[in-house]
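Only one structure is covered here, and it is reproduced in the block below.
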Amino acid sequence: MPTALLLRHAVLHTGEPSDPRANALVIVGSRLAFVGDDDRATAYARAQGPHRTLDLAGACVLPGLTDAHAHLAWYALGLTRVQAHTATLATCLERVAEQAARKPASGWITGQGWDHNLWGGSFPTRQELDRVAPAHPVALTAKSGHATWVNSLALQRAGIGAETPDPPGGQIVRDAEGTPTGILLETASRLVGQAIPEPTIDEVVAALRHALPEAHRLGLTGVHDMGDPATFRALQRLDGEGALTLRVLKSIPLQGLDAAIRLGLESGCGGDRLRLGHVKLFADGALGPRTAWMLEAYDDAPEDTGIATLSADELHDAVTRAANHGLACAIHAIGDAAVRAALDAIAALPPEQRRLRLPHRIEHAQLVHPDDLDRFAQLGVVASMQPLHATADIDIAERHWGERCQGAYAWQTLLRAGARLALGSDAPVESLSPLAGIHAAVTRRRADGYPGPEGWQPQERISVAEAIAGYTRGAAHAAGLGDQLGTLAPGKLADLTILDRDPTTVPPDELLQIRVLATYVGGEMVWGNG
């Protein structure tokens, strides 16, 4: 019989509405065996025979925090690439030049994170990259993930010229003479992506080994991975070795739907560390490059309503085909037109297919039309949202959406309407830290206090408890694991995040100062001391 572990003298937020607070718990094997007060927990542990005791001395214990939307391989590999999220264009170009000085000529230079809105609002050009890396093809992904900035050699390697047509759902940005400027939007990024050698599985596995401890250091016990299919193979290798210390719900792209159907796969299949999640669909682009699909034009571009990367009919057909075979969908939808089209596609399903082993979900939902707010709860659709997007996007949202921002990133309104929120980061687009996400959800302010004490659109702030629920109960529900994870209750898996102070009692500004003391997955400490 496994040796019991008693954790006592703690502040436990169980997440269970009927019994939300406790002081101690007992773990037997991979599961919680007892949750309650110190005396009864101690008696329970003693009854198990020899056991270990850990005195937490007033530390705070939460159900394990799960990031409900991240890109693990992109995040992990990005730790070795050009970090292009810089305050100035010049700094970004300096970093590219440093890589060019180290790499053999003609080798690809890749990176991620640039945000032209920080550089004055205009897109950068291929000529700027040509000056610092004339002998290397360069491809840098935007912070949003919905645009790629390349140099002339990269365009040449990809066979992109003035005569190259825009692909469906994408755009090759061109100058007045029709020559590509070096900016590729949405599916046009794939044209150059096909020319870049894919990282090997060994490289992805190595990067993930390095990234998993970082996730645990931040307090994460699970991630819903929205990345490419190659990540699935790397995760399977780690899982087979017993080295996958993070619980991962892995989505698959629309391009993999036919294969999944042929193999008879359904959402939710797998083990307790790696399971098949949703079919990831894209209804539109992103806010920054104005490719989010809007019902009405952007305030600063009266003729522009963004890009529908899938038409309403295509979206309906894909959702229907997936649901017919037991596969739930996670639909990327940022603009209000995209959100409506996603909800319409799910609403058209028979009732029994609207809730499979996993619920359908909409990713981001950054602007929801008032007429659609109640539909999330009515249809059982999870609102998978990323609080740090709101604080990062304040200025561009105001510029592009104007008065519509009163309903942007509407966490509080969606909760009041009965929707289930699952919160995440979209890392590496934003920080992987769940505490940073909780701070953003509660304050609607950046780490430096911008835009002021009340935050941006303060009517949409949520409480610390509601934010924690988004990373615990909400994430577990979205993964179809509400009976196994998300709260601290006997019989559930012993996933814990232990903090040095109680986030529900500190001033909101101190949320970012909270330290993670330890992280447990399945009763085993994967980060910390004890």
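Under the working numbering, the very last position in the sequence shown is 525; numbers go up by exactly one each time.
Glycine included, C-beta positions come from ideal geometry on N, C-alpha and C.
Alpha-carbon to alpha-carbon, residue j and residue i
i      : j      : result
His434 : Asp388 : 15 Å
Lys275 : Thr174 : 33 Å
Pro502 : Ala254 : 50 Å
Pro382 : Thr61  : 14 Å
Lys487 : Thr514 : 16 Å
Tyr250 : Leu344 : Per the sequence presented here, residue 250 reads as Gln, with Tyr not at that position. Answer to the nearest angstrom: the Cα atoms are 21 Å apart.
Leu526 : Ser13  : The first residue shown for the chain is -4 and the last is 525, placing residue 526 beyond what the model contains.
Thr136 : Glu181 : 11 Å
Leu7   : Val56  : 5 Å
Arg16  : Val145 : 53 Å
Gly272 : Gly237 : 20 Å
Val23  : Arg35  : 15 Å
Ala207 : Glu172 : First, the residue type needs correcting, since residue 207 is Leu and not Ala in the sequence shown. Approximately 48 Å between the Cα atoms of the pair.
Gly106 : Ser379 : 26 Å
Gly140 : His66  : 11 Å
Ala63  : Gly214 : 14 Å
Pro446 : Gly102 : 42 Å
Asp294 : Gly266 : 48 Å
Pro119 : Arg285 : 15 Å
Thr438 : Leu258 : 46 Å
Ala318 : Ala473 : 16 Å
Asp125 : Gly115 : 20 Å
Gly477 : Leu353 : 10 Å
Ala5   : Ala470 : 24 Å
Ala210 : Asp170 : 42 Å
Ser147 : Ile155 : 9 Å
N-terminal and C-terminal residue of the beta strand (DSSP E) that residue i is part of
i      : result
Gly432 : Segment 429 to 438 is the alpha helix (DSSP H) holding Gly432; no beta strand (DSSP E) there.
Thr48  : 46 to 50
Asp62  : 60 to 65
Arg26  : 26 to 31
Pro175 : 175 to 181
Val424 : No beta strand (DSSP E) contains Val424, which DSSP labels as neither H nor E.
Glu461 : Taken as a continuous stretch (DSSP letters only), Glu461 belongs to no beta strand (DSSP E), being part of the alpha helix (DSSP H) at 459 to 466.
Arg415 : 415 to 418
Trp406 : That residue, Trp406, is in no beta strand (DSSP E); its alpha helix (DSSP H) goes 406 to 411.
Contact under 8 Å by Cβ, residue i with residue j
i      : j      : result
Met289 : Ala332 : yes
Trp406 : Ile457 : yes
Pro58  : Thr500 : no
Leu418 : Ala436 : yes
Gly53  : Ala79  : no
Leu279 : Thr240 : The amino acid occupying residue 279 in the given sequence is Asp; Leu does not appear at that position. No, they are not a contact pair.
Leu223 : Val243 : It is Asp, not Leu, that sits at residue 223 in the sequence shown. Their beta carbons are not under 8 Å apart, which means Asp223 does not touch Val243 by this criterion.
Leu483 : Gly10  : yes
Thr226 : Ser184 : no
Leu179 : Ile191 : no
Ala128 : Ala92  : yes
Arg411 : Gly375 : no
Segment limits, alpha helix (DSSP H) that includes residue i
i      : result
Arg370 : 370 to 374
Arg121 : 121 to 127
Pro248 : Pro248 -> not in any alpha helix (DSSP H); beta strand (DSSP E) instead, spanning 242 to 248.
Asp308 : 307 to 319
His211 : 196 to 212
Ala278 : Note, Ala278: premise wrong, no alpha helix (DSSP H); not H, not E.
Trp451 : Trp451 -> no alpha helix (DSSP H), and no H or E assigned at all.
Ser379 : Per DSSP, Ser379 belongs to no alpha helix (DSSP H); it is in the beta strand (DSSP E), 377 to 380.
Gln94  : 84 to 97
Val334 : 331 to 342
Leu230 : 224 to 235
Ile256 : 252 to 258
DSSP beta-bridge partners of residue i
i      : result
Asp490 : In the DSSP output, where bridge partners are listed per residue, Asp490 has none listed.
Leu511 : The amino acid occupying residue 511 in the given sequence is Val; Leu does not appear at that position. Answer is Leu494.
Gly265 : Arg270
His219 : Leu244
Cys400 : Answer is none; Cys400 lacks a bridge partner.
Thr143 : Thr136, Leu179
Trp522 : Thr514
Gln166 : Leu180
Ala325 : Lys275, Arg356
Thr105 : Ala134
Leu7   : Ala17, Val56
Leu1   : Val21, Thr48
Tyr293 : Ala296
Gln530 : Missing from the structure shown is residue 530; the chain here goes from -4 to 525 and no further.
Arg350 : Pro354
Closer than 8 Å to chain C by CB, residue i
i      : result
Pro297 : The chain labelled as chain C is not found in the depicted structure, where only one protein chain is given.
Kindly confirm or deny that the segment 505 to 514 and the segment 23 to 40 touch, where touching means at least three C-beta pairs closer than 8 Å. no
Check whether the segment 359 to 368 touches the segment 302 to 317, taking contact to mean three or more Cβ pairs, one atom from each stretch, closer than 8 Å. no
Measuring CB atoms only, is the segment 365 to 382 touching the segment 397 to 415, in the sense that at least three cross pairs come out at less than 8 Å? yes
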